[in-house]
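Enquirer: Quick one: the structure is below, and I'll ask about it shortly.
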Amino acid sequence: MRIEVKRAVAVSPDEAWEVVSDPCAIGSLSDAVIVHELEEGSTPGVGTRYRVLLRVGPVPVGGNVEIIEFEKAREMSWTTLTGVDHRLRLRLREHPDGGSWLIIRFSYDSPGVLGSLVDVVSFPVVRGTIQELLDEIVERLESRP
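Take the sequence shown: its position 80, counting from 1, is numbered 111 in our numbering, and each next residue is one higher.
Encoded structure:
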């Protein structure tokens, strides 16, 4: 399943990057997204690994991920190494009216024979969670001094 959510935000891509370039900081914005460093004190960048869980109802699902793209003030993405297969891509683009576009793309694929059914049933909840995460990021960015 693929989800894309997008919002204009009234800060530059460089300013937005300060908040969105750290997966742990992103996780701290939402009760539904749990992010932990796998290696204490690691710096976000290509190859850095995290434990990422997404609450789908009462159950947190996810696994270990690795950052595979990290382009300052532009793009960060991770993919799973273990657990439920998913990929997150966070993009920043200049908005023609000033500020930035903040775009989150999230795809996931539940394992097993019933995986496709699970994906369809969980889609509204997962989409809502990703939308809420985007809203939380925008709120944090626009409330900064």
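We treat Cβ as the ideally placed atom computed from N, Cα and C, and that holds for glycine.
Given a threshold of 16 other Cβ atoms within 10 Å of its Cβ, counted over all protein chains shown, does L69 qualify as buried or as exposed?
Expert: Exposed, by the Cβ-count rule.
Enquirer: Helix, strand or coil: how does DSSP classify E173 here?
Expert: It is helical.
Enquirer: Using 8 angstroms for Cβ pairs, my map puts A41 next to G130. What's the rounded Cβ distance?
Expert: With a Cβ gap of about 5 angstroms, A41 and G130 count as contacting.
Enquirer: Within the region 90-151, note down every full beta strand (DSSP E) run reaching 3 residues or more, in order along the chain.
Expert: Whole beta strand (DSSP E) segments, 3+ residues: 90-102, 106-111, 116-125 and 131-140.
Enquirer: Taking C-beta to C-beta, are L133 and R33 nearer than 7 angstroms?
Expert: No, they are not a contact pair.
Enquirer: Return the residue from the list D116, G78 and T74 that minimises the CA-CA distance to G94.
Expert: Residue D116 is the option with its Cα nearest to G94.
Enquirer: Can you check which of these residues, R86, G72 and T79, is closest to G159 by C-alpha distance?
Expert: The option with the nearest alpha carbon to G159 is R86.
Enquirer: Using 10 angstroms around the beta-carbon of V144, count the other beta-carbons present and answer buried if the total reaches 16, otherwise exposed.
Expert: Flag for V144 reads exposed.
Enquirer: In this structure, how does DSSP classify A56 when only helix, strand and coil are distinguished?
Expert: A56: helix per DSSP, three-state reduction.
Enquirer: Helix, strand or coil for A41? Go by DSSP, reduced to three states.
Expert: Of the three classes helix, strand and coil, the one that applies to A41 here is coil, per DSSP.
Enquirer: Mind the definition here: the region 49-61 touches the region 144-155 only if three or more C-beta pairs lie below 8 angstroms; say whether that holds.
Expert: Result no; under three Cβ-Cβ pairs closer than 8 angstroms.
Enquirer: Assign I161 to one of two classes, buried (16 or more other C-beta atoms within 10 Å of its C-beta) or exposed (fewer than that).
Expert: By the 10 Å Cβ count, I161 comes out buried.
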